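The sequence shown stops at residue 475 when you use the UniProt record's numbering, and every number in between is there.
Ideal Cβ positions, reconstructed from N, Cα and C, are used throughout, including at glycine.
Quantities reported herein were computed from a predicted structural model and do not represent experimental measurements.
Structure first, commentary second.
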Amino acid sequence: MLRNSQGPPHPDLYDAPATKQPAMVHPSLPKKLLEEFSADPRIISCASDVWNEQFARWRAQVLCRKLHAEAELIVDTTHDRSFLGTLRHAMPSIIPLYPTFRKGERKTWLHYAAHRTDVLLAHECVRLGIDVDCKDSQGATALTMVCRLLGITDMIPGCGQWEEARGMLEAQTHRITIIVEMLLSQRAKVDIYVDGRTPLYEICKISRKVFPVIEMLLQHGANPRPNGEDLALHFNEPADQMRYANLVAKYGTGSIARPPQPCPCWSGKLLSECHDLYDQAYPAYHLCLCNSRKVYGKCCARRNIWLVERWYAPDRYIMSTISIQSGSVQVPDKELAELFEKLMQYARTYFPKTSVWSGKAGLARVVHQERIEKILLDAKRIDPAFLVTCQRSDWDSHKSFCQSVPDPNAEPKIQMLPSQVEYKREVQKMLMESLRRIQQMGNFRDAFEGDMMEVAGVLYAMPGMEMEMKDWYNW
1 MLRNSQGPPH PDLYDAPATK QPAMVHPSLP KKLLEEFSAD PRIISCASDV WNEQFARWRA
61 QVLCRKLHAE AELIVDTTHD RSFLGTLRHA MPSIIPLYPT FRKGERKTWL HYAAHRTDVL
121 LAHECVRLGI DVDCKDSQGA TALTMVCRLL GITDMIPGCG QWEEARGMLE AQTHRITIIV
181 EMLLSQRAKV DIYVDGRTPL YEICKISRKV FPVIEMLLQH GANPRPNGED LALHFNEPAD
241 QMRYANLVAK YGTGSIARPP QPCPCWSGKL LSECHDLYDQ AYPAYHLCLC NSRKVYGKCC
301 ARRNIWLVER WYAPDRYIMS TISIQSGSVQ VPDKELAELF EKLMQYARTY FPKTSVWSGK
361 AGLARVVHQE RIEKILLDAK RIDPAFLVTC QRSDWDSHKS FCQSVPDPNA EPKIQMLPSQ
421 VEYKREVQKM LMESLRRIQQ MGNFRDAFEG DMMEVAGVLY AMPGMEMEMK DWYNW
């Protein structure tokens, strides 16, 4: 059983101080989506596990790349308080049909969200990168599990006749419909066979037909005759038979393309108009990827470490990475400025998922750092006491912070110390020299395939890059 499954621990989650949140409880979902779902009583009747501390720990580990999103989830469901869990205790006969989450079953958090019809949890699982077609040890996907739920409750005698149970059943069906719609919109496979049955078969065989789900499955290409069986035989009412036949005639030929895919960031835009079109800024209210347990807007964003997200088509998920920002770097020479911008474009493709300072670039960075130290100290241009501070602090972010003085009556006092002036001057000199040498090479490939001294010399001059970043890429 998952403990502390409850509502948000703060009236405004996104404005709450990160240090006051238990176990990093910051859902990776847009505030608008949370508000929309929270306004639906049928959705919130199922207490979401996005507020649960066990899921929060998983979220933090996935975001900082210490755990794969599809890692196996082991949960004791003995005391499950979901609708189906409640009925299971009232009717032990359905226990064999009840899903378990034991070691070796390879179920994920998305399977658990489907099992509990947890709408918020299902959306966040997809947002954090669990493939909608991820299978457990029996070959079941989240779509398989959520469609089977209706069949399990349909087997309980008189379930829809009790007034309280009827309301719970209607709410569960509503949540199932939303989850099915979400999974299908993210291109979930519709004809997954488990024990010889497909999701469409599971829905059609029950006495209480859920036509919105049936239509969605057919619309997304479900085979209306799995294993050659005519599913119309499972419809007893003539009106239902006619309705199903019309849906099959409309969608069953396979000639209608699946609807466009919404972006799994849940912005409301299509994927082709959002993360698949260009890089998007990492949301400031999401947990920071450095494992600080703070939200990004109150953590590394203040240090000029810019995170972006992009759609990674091979694995079908939104990938987060550090953006190499070039706007605040001053290159006075026009030709070198153009070269610099082209170099940054090349660098963004060269460092898509790896550390900027890993491998040869990291070694070259150390050489540059030691050379600058020697030049400044030998010429007595810098105070040794300030050397380390100059290397690890970022003047541009410091200046920006000082300009935003919280006291409106105070006058911001912005100044560079002599050591900062000398250090920045030497870094700028290194930048220009590195660009000239890259210009002489004639192509970027040689610069990146060699010892990368020139590339490191350019990147070292960029805001935030001079700071130690090993924690970011211990993934």
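Secondary structure of residue i, DSSP reduced to three states
{"i": "Ala281", "result": "strand"}
{"i": "Phe101", "result": "strand"}
{"i": "Ile322", "result": "strand"}
{"i": "Trp266", "result": "coil"}
{"i": "Tyr312", "result": "strand"}
{"i": "Val25", "result": "coil"}
{"i": "Leu287", "result": "strand"}
{"i": "Phe401", "result": "Confidence at Phe401 is low in this model, with a pLDDT of 43, below 50, so its placement is unreliable and the value that follows should be read with caution. If DSSP states are grouped into helix, strand and coil, Phe401 belongs with the helices."}
{"i": "Tyr193", "result": "coil"}
{"i": "residue 479", "result": "There is simply no residue 479 to check, as the chain begins at 1 and stops at 475 in what is shown."}
{"i": "residue 484", "result": "Missing from the structure shown is residue 484; the chain here goes from 1 to 475 and no further."}
{"i": "Leu307", "result": "strand"}
{"i": "Val50", "result": "helix"}
{"i": "Glu411", "result": "Because the pLDDT at Glu411 is just 47, under 50, the model does not fix this residue reliably, and the value given afterwards should be weighed accordingly. The answer is coil: DSSP assigns Glu411 none of H, G, I, E or B."}
{"i": "Val295", "result": "strand"}
{"i": "Val75", "result": "strand"}
{"i": "Asp383", "result": "coil"}
{"i": "Lys353", "result": "Since pLDDT at Lys353 reaches only 49, below the 50 mark, its modelled position is unreliable, and the value read off the structure follows with that caveat. It is coil, neither helix nor strand."}
Anticipated Cβ contact below 8 Å, residue i with residue j, distance rounded
{"i": "Met430", "j": "Ile372", "result": "7 Å"}
{"i": "Ser311", "j": "Leu33", "result": "Per the sequence presented here, residue 311 reads as Trp, with Ser not at that position. So it is not a contact: roughly 18 Å between Cβ atoms."}
{"i": "Pro224", "j": "Leu218", "result": "6 Å"}
{"i": "Arg106", "j": "Asp136", "result": "5 Å"}
{"i": "Ala222", "j": "Leu200", "result": "4 Å"}
{"i": "Val213", "j": "Ile203", "result": "5 Å"}
{"i": "Glu70", "j": "Ile152", "result": "Contact flag wrong, Cβ pair sits at about 25 Å."}
{"i": "Ser434", "j": "Val458", "result": "5 Å"}
{"i": "Ala456", "j": "Ala337", "result": "Incorrect: roughly 19 Å between the Cβ atoms, too far for contact."}
{"i": "Leu376", "j": "Tyr346", "result": "At roughly 30 Å, the Cβ-Cβ gap does not stay under 8 Å, so Leu376 and Tyr346 are not in contact."}
Residue i versus the options, residue with shortest Cα-Cα distance
{"i": "Ala271", "options": "Gly457, Ile176 and Gln186", "result": "A small fix is needed here, since residue 271 is Leu in this sequence, not Ala. When only C-alpha atoms are compared, the closest one is Gln186."}
{"i": "Ser38", "options": "Leu121, Thr77 and Leu73", "result": "Leu121"}
{"i": "Lys342", "options": "Leu307, Glu370 and Ile438", "result": "Ile438"}
{"i": "Glu370", "options": "Arg445, Met462, Leu169 and Met453", "result": "Met453"}
{"i": "residue 501", "options": "Ser419, Arg365 and Ala69", "result": "A query on residue 501 cannot be resolved here, the shown segment of the chain reaching from 1 to 475 and no further."}
{"i": "Lys66", "options": "Arg57, Leu73 and Ile74", "result": "Arg57"}
{"i": "Val132", "options": "Arg197, Val455, Gly151 and Leu184", "result": "Leu184"}
{"i": "Met319", "options": "Ala281, Tyr296 and Glu338", "result": "Ala281"}
{"i": "Met182", "options": "Ala222, Arg127 and Ala447", "result": "Arg127"}
{"i": "Leu363", "options": "Gly252, Gln138, Ser48 and Asp451", "result": "Asp451"}
{"i": "Cys288", "options": "Glu309, Asp276, Leu73 and Tyr278", "result": "Glu309"}
{"i": "Ala313", "options": "Pro264, Val50, Glu124 and Thr253", "result": "Pro264"}
{"i": "His275", "options": "Tyr317, Asp40 and Met441", "result": "Tyr317"}
{"i": "Met168", "options": "Gly139, Met441 and Pro41", "result": "Pro41"}
{"i": "Leu231", "options": "Lys205, Ile130, Pro384 and Val50", "result": "Lys205"}
{"i": "Asp279", "options": "Arg302, Leu307, Ser255 and Tyr296", "result": "Leu307"}
{"i": "Val25", "options": "Glu215, His286, Arg243 and Glu35", "result": "His286"}
{"i": "Ile322", "options": "Glu124, Gln54 and Pro283", "result": "Pro283"}
{"i": "Thr100", "options": "Val427, Leu387 and Glu72", "result": "Glu72"}
{"i": "His220", "options": "Ser292, Val190, Val427 and Ile130", "result": "Val190"}
{"i": "Asn52", "options": "Glu35, Val180, Ile43 and Pro27", "result": "Pro27"}
{"i": "Lys31", "options": "Lys250, Cys134 and Gly268", "result": "Gly268"}
{"i": "Met216", "options": "Val455, Gln428 and Ile176", "result": "Ile176"}
{"i": "Asn443", "options": "Phe386, Phe340, Lys298 and His368", "result": "Phe340"}
{"i": "Thr349", "options": "Arg445, Gln261 and Gly252", "result": "Arg445"}
{"i": "Asp315", "options": "Val50, Ser45, Gln54 and His68", "result": "His68"}
{"i": "Arg148", "options": "Lys374, Thr198, Arg425 and Arg303", "result": "Thr198"}
{"i": "Gln330", "options": "Ala188, Gln428, Thr108 and Gly359", "result": "Gln428"}
Cβ-heavy atom distance, residue i to the ligand MN, below 8 Å
{"i": "Gln54", "result": "For the structure depicted, the ligand MN is absent and the ligand set is empty, with no information on it obtainable."}
>> Please give me, in chain order, every unbroken run of the alpha helix (DSSP H) with length at least 4 that falls completely inside the segment 98–146.
In response: 109–116 and 119–127
> Are there three or more Cβ pairs, one per stretch, closer than 8 Å when the segment 132–146 is compared with the segment 56–65?
Replying inline: no
> Counting Cβ pairs, one atom from each stretch, are 3 or more of them under 8 Å apart for the segment 170–179 and the segment 109–128?
Replying inline: yes
> Of all the alpha helix (DSSP H) runs that stay within the bounds of the segment 201–278, which reach a length of 4 or more residues?
Replying inline: 211–219 and 238–251
>> Check whether the segment 201–214 and the segment 223–239 touch, using three or more Cβ-Cβ pairs below 8 Å as the test.
In response: Yes, they touch.
> Do the segment 69–77 and the segment 106–114 meet, that is, are 3 or more Cβ pairs less than 8 Å apart?
Replying inline: In this structure the segment 69–77 lies against the segment 106–114, because at least three pairs of beta carbons, one per stretch, are closer than 8 Å.
>> Quick check on the DSSP output: what are the complete beta strand (DSSP E) runs of length 3 or more inside the segment 411–448, in order along the chain?
In response: none
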